[in-house]
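Residues in the sequence shown are numbered from 867 upward in steps of one, following the working numbering. Taking it in order: structure first as structure tokens, then the write-up.
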Amino acid sequence: MRRLLFAANWKMHLGPADAQAYMDVFLRSFQPAPDRDVWFFPPAVSLATVAARLNGRNDLLAGAQDVHWEPKGAFTGAISVPLAAQAGARAALIGHSERRHVFGESDADTARKVRAVQEGGLVPVLCVGEKLAERESGATLAVVQRQLAAALDGQDGTRLDRIVIAYEPVWAIGTGRNATPQDAAAVHREIRRWLGQRGAKAARILYGGSVNLKNIAELVAEPELDGVLVGGASLDPVGWTQLVSVAAS
Ligand code: PGA
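Written out as structure tokens, the structure is:
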């Protein structure tokens, strides 16, 4: 049975008080199910609040939106894997498109961060995806392969099986224009093939980019998708509870 992963990327929204109120609503109405996990990526200031509310459950967990690759030091404004772990994080987003394209994070940075997250015992959720011009010029698969190769260089199947990949085409993030399930599936197949060539069999591959209540059913009906990474539509706890309760086929 496919175990679907619904990941909420709150970005720069929901401070500790709002996160507390959100979790009250979510935990009151969420019905656990054996075929799904729900992961929350709050801003760093709300991580401890969210993690404390989830209380070590296996189907629900909290993660960091970004981490520095060094475990400690003079890096003003950054948080390390051990700091995130102390706040309760069990996963971390790495290489989100906004980190890459707004903050100028390089492929080499993502590689260092993936390693740091693994060494700290957290699950990396590596985000990859092409820009609109790259898609239009037919470079989608080449871009995704380059991002995978750079971030996961030298990793064996055992390590790769413990990571999550989020395919998020940049043109679909926050634009209201999602990839079709077929377009996403074509890229997911390539990612699965790439991982399989390196011995991985179990890595989960999510789709992200303008996922919402209207399109979630058709997206998870596509068997190539192991789940979704959701920004805007994860910010309202009532809508999010409905979204994660979608029937899987
Ligand atoms: P969106 O963002 O759902 O608002 O498009 C997705 C993401 O950036 O992870």
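Cβ coordinates follow ideal geometry from the N, Cα and C atoms, glycine included.
Beyond the five residues adjoining it in sequence on each side, Val989 comes within less than 7 Å, by CB distance, of Arg956, Ala957, Arg1028, Ile1029, Val1030 in the same chain, given in chain order. By alpha-carbon distance to Ala944, the top candidate from Asn924, Ser963, Val916, Val911 is Val911. Membership of Gly1062 in the alpha helix (DSSP H) is indicated by the continuous run 1047-1063. Check the Cα spacing between Asn1081 and each of Thr1046, Phe892, Arg1058: the tightest is with Thr1046. DSSP places Trp1106 inside the alpha helix (DSSP H), whose first and last residues are 1103-1110. Each of Gly1065, Gly1040, Arg1070 was checked against the Cα of Val1096, and the nearest Cα belongs to Gly1040. Collapsing the DSSP output to three states places Ser1003 in coil. Assignment of alpha helix (DSSP H) within the segment 996-1040, counting only whole runs of 4 or more residues, yields 998-1002, 1006-1018, 1023-1026 in chain order. Looking at the DSSP output, Phe907 sits in a beta bridge with Asn875. When the five nearest sequence neighbours on each side are left out, the beta carbons in the same chain lying within less than 6 Å of the beta carbon of Val1110 are those of Phe872, Val904, in order along the chain. In this model, Gly995 and Thr1006 are separated by some 8 Å (Cα to Cα). The C-beta distance from Val1036 to Leu998 rounds to 7 Å, short enough to fall under 8 Å.
As computed with DSSP, Arg923 is found in no beta bridge at all. For Ser946, the three-state secondary structure derived from DSSP is strand. Excluding residues up to 5 positions away in sequence, Arg868, Leu870, Leu871, Arg1070, Ile1071, Leu1072 lie with their Cβ nearer than 7 Å to the Cβ of Asp1092 in the same chain. Per DSSP, Leu1072 is one residue of the beta strand (DSSP E) stretching across 1070-1074.
With a threshold of 7 Å, the Cβ atom of Glu971 does not count as near the ligand PGA, since no heavy atom of the ligand is closer than that.
Between Thr915 and Ala885, the C-beta spacing is below 8 Å. Note on geometry: alpha-carbon atoms of Phe941 and Leu1026 lie some 29 Å from one another.
In this structure, the CA atom of Ala928 is about 25 Å from the CA atom of Gly1023. The beta carbon of Ala1099 sits closer than 7 Å to at least one heavy atom of the ligand PGA. For Ala958, the enclosing beta strand (DSSP E) begins and ends at 957-960. Each of Leu880, Tyr888, Ala887, Ala917 was checked against the Cα of Pro909, and the nearest Cα belongs to Leu880. Between the beta-carbon of Leu959 and that of Gln931 there is about 5 Å, and that keeps the pair under the 8 Å contact cut.
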